[in-house]
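Below is one structure, written out as structure tokens, with a few remarks after it.
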Amino acid sequence: MRVYNFSAGPAVLPVEVLEQARDEMLDWRGTGMSVMEMSHRGKAFLSIAQQAEADLRELLSIPSNYKVLFLQGGATGQFAGIPMNLTTPDSVVDYINTGAWSKKAIGEAKRYAKVNVAADAGEPYTSIPPVSSWELTPNAAYVHYTPNETIGGVEFHFVPDVGNVPLVADMSSTILSRPIDVSKFGLIYAGAQKNIGPAGLTIVIVREDLIGRARPGTPAFMDYAAMAKDGSMLNTPPTYAWYIAGLVLQWLKRKGGVEAMGKINQAKAEKLYATIDASSFYRNPVAKDARSWMNVPFTLARPELDKTFIEEAKTAGLVTLEGHRAVGGMRASIYNAMPMEGVDALVSFMKEFERTHG
Ligand SMILES: Cc1ncc(COP(=O)(O)O)c(C=O)c1O
Numbered sequence: 006m007r008v009y010n011f012s013a014g015p016a017v018l019p020v021e022v023l024e025q026a027r028d029e030m031l032d033w034r035g036t037g038m039s040v041m042e043m044s045h046r047g048k049a050f051l052s053i054a055q056q057a058e059a060d061l062r063e064l065l066s067i068p069s070n071y072k073v074l075f076l077q078g079g080a081t082g083q084f085a086g087i088p089m090n091l092t093t094p095d096s097v098v099d100y101i102n103t104g105a106w107s108k109k110a111i112g113e114a115k116r117y118a119k120v121n122v123a124a125d126a127g128e129p130y131t132s133i134p135p136v137s138s139w140e141l142t143p144n145a146a147y148v149h150y151t152p153n154e155t156i157g158g159v160e161f162h163f164v165p166d167v168g169n170v171p172l173v174a175d176m177s178s179t180i181l182s183r184p185i186d187v188s189k190f191g192l193i194y195a196g197a198q199k200n201i202g203p204a205g206l207t208i209v210i211v212r213e214d215l216i217g218r219a220r221p222g223t224p225a226f227m228d229y230a231a232m233a234k235d236g237s238m239l240n241t242p243p244t245y246a247w248y249i250a251g252l253v254l255q256w257l258k259r260k261g262g263v264e265a266m267g268k269i270n271q272a273k274a275e276k277l278y279a280t281i282d283a284s285s286f287y288r289n290p291v292a293k294d295a296r297s298w299m300n301v302p303f304t305l306a307r308p309e310l311d312k313t314f315i316e317e318a319k320t321a322g323l324v325t326l327e328g329h330r331a332v333g334g335m336r337a338s339i340y341n342a343m344p345m346e347g348v349d350a351l352v353s354f355m356k357e358f359e360r361t362h363g
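Take any residue in the sequence shown, count from 1 to its spot, add 5: that is its number in this note's numbering.
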């Protein structure tokens, strides 16, 4: 039996995608083999790879002067990969700190460049400092921010204007959840394991003029120029993850793309926040204008009931609702593949739990 899985990542995938992967498992379209068993240089896999890139480009309207790279190493790999590719040791880079993931990105960047934390929301990270207060460096190599903080549930519902300095965004937990204007960014990166597909694949969308300046010592597999030149196949890519990502992108197109998905995601999030706000038993601490559509953390008025909540939710088929170990409480991640029915089931469960335990 399928459950409603509210995991923050790796996360729920569309059932249709899993079914298609199952059907194609032993014999991918007459090749007599699984995608897992194919050479990444063969015609069959190249067609899968190229289709996935074309679909991602179409879904996000990626301009032709951007490269799309299918890499490994996770978003964490890019925490280092970005300064390695975009800075010199003397560069100043601006970072906006709105939560745990921003902080990790900052920690890693400090090993490569001079980091200016241009704005810091400060713990417990429940809001976004107004852009007018950001202390940006005029000649920074880039400005980095985290449009959606997966742990704190803090999301930018706008793209900050940072002038001519390239804007770099960790979109791990928000990519493909709504339309974005890629041309406003110098670089977008995301671990696949939330809205794109399985873990193991990392997407980098990077403007061409930012490629080709990797620092000496950058490993070839992290060098955007080397990877772009070889179609992300300088070495063996994560072929199966790439294939599943391709199926997810096809699914997304059938669903109406990011425009349609954005509307559904907003409706799902609003329903959950409305339930939380209407109750004195549940609480979400995030400023209303910065509440995430993807990750909804909430606490119970009586934390001693946390365990019971998790247990009873599980019995009701609602799983992985534990908050991040750093924060506690609950967190419902409601990525693209979580249907409205899953949110409805969670909302009904929460109301019933409050009635019986509140
Ligand atoms: C916003 C954000 N950035 C970075 C990461 C780290 O990604 P990875 O585990 O792919 O390195 C995560 C993982 O959950 C995340 O949510």
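Backbone N, C-alpha and C define an ideal beta-carbon position, used for all residues, glycine too.
State the Cα-Cα distance for the pair K189 and E264, rounded to the nearest angstrom. Distance between the alpha carbons of K189 and E264 is about 18 angstroms.
First and last residue of the uninterrupted alpha helix (DSSP H) at I269: Element bounds for I269: 262–282.
As a quick exercise: from P171, T131, M6, A26, pick the residue whose alpha carbon is nearest that of I156. Of P171, T131, M6, A26, the residue nearest in Cα terms is T131.
Please report the residue range of the alpha helix (DSSP H) in which N5 lies. There is no way to answer for residue 5, as the model of the chain reaches only from 6 to 363.
Return the chain-ordered list of same chain residues with a C-beta closer than 7 angstroms to the C-beta of L239, the five sequence neighbours on each side being excluded. Closer than 7 angstroms at Cβ, skipping near neighbours: A225, F226, A231, M232.
Once the 5 residues before and after A85 are set aside, which same chain residues still bring their CB inside 6 angstroms of it? So the qualifying residues of the chain are E113.
Coarse secondary structure for A250, derived from DSSP in three states: Reduced to three states, the DSSP call for A250 is helix.
Exposed or buried, K108, counting other C-beta atoms within 10 Å across all chains shown (16 or more means buried)? Result: buried.
Taking E29 and W106 to be in contact with their CB atoms under 8 angstroms, please state how far apart those CB atoms are, rounded to whole angstroms. Incorrect: roughly 34 angstroms between the Cβ atoms, too far for contact.
Entirely within the segment 93–146 and at least 4 residues each: give me those alpha helix (DSSP H) ranges in chain order. Considered as a whole, the segment 93–146 harbours 105–114 as its complete alpha helix (DSSP H) runs of no fewer than 4 residues, in chain order.
Could you tell me the alpha carbon to alpha carbon distance between F303 and Y150, rounded to whole angstroms? One alpha carbon belongs to F303, the other to Y150, and they sit about 24 angstroms apart.
So S177 and A80 are supposed to be a Cβ contact under 8 angstroms. How far apart are they, rounded? Beta-carbon to beta-carbon, S177 and A80 are separated by about 5 angstroms, close enough to satisfy the 8 angstroms threshold.
Compute every distance between the C-beta of G168 and the non-hydrogen atoms of ligand 1, then say whether any falls below 7 angstroms. Not under cutoff, so the answer is no.
Distance, L323 Cα to L351 Cα: Going by the C-alpha atoms only, they are around 7 angstroms apart.
Around the Cβ of P94, are there at least 16 other Cβ atoms within 10 angstroms (buried) or fewer (exposed)? When all chains shown are included, P94 counts as exposed.
If Q77 and P203 are in contact, beta carbons under 8 angstroms, what's the gap, nearest whole angstrom? About 12 angstroms; that fails the 8 angstroms criterion.
What's the gap between the Cα of G333 and the Cα of E327? Approximately 7 angstroms, taken between the alpha carbons.
Three-state secondary structure assigned by DSSP to S366: Look at the range of the chain in this structure, 6 to 363, and you will see that residue 366 is not part of it.
So M335 is in the beta strand (DSSP E); what residue range does that whole segment cover? In the DSSP assignment, M335 falls within the beta strand (DSSP E) that extends over 335–338.
Using 8 angstroms for Cβ pairs, my map puts K356 next to T280. What's the rounded Cβ distance? Rounded, the Cβ-Cβ distance is 7 angstroms, consistent with contact.
Backbone CA spacing between V211 and Y71 [nearest angstrom]: The C-alpha of V211 lies about 5 angstroms from the C-alpha of Y71.
So does T103 have its beta carbon nearer than 7 angstroms to some heavy atom of ligand 2? Of the ligands one can find in the structure shown, namely ligand 1, none is ligand 2.
What does the alpha-carbon distance come out to for the pair N169 and I249? Rounded to whole angstroms, the separation of the alpha carbons of I249 and N169 is 36 angstroms.
Who sits around ligand 1, taking every residue whose Cβ is closer than 6 angstroms to one of its heavy atoms? The set of residues with any CB-heavy atom separation to ligand 1 below 6 angstroms comprises, in chain order, G14, G79, A80, T81, W106, T151, T155, D175, S177, S178, G196.
Compare the C-alpha of I216 against each of A146, V291, E58 and name the closest. Here the closest residue by C-alpha is A146.
Ordered list of alpha helix (DSSP H) runs contained in the segment 20–79, each at least 4 residues: Runs of the alpha helix (DSSP H) inside the segment 20–79: 20–28, 48–65.
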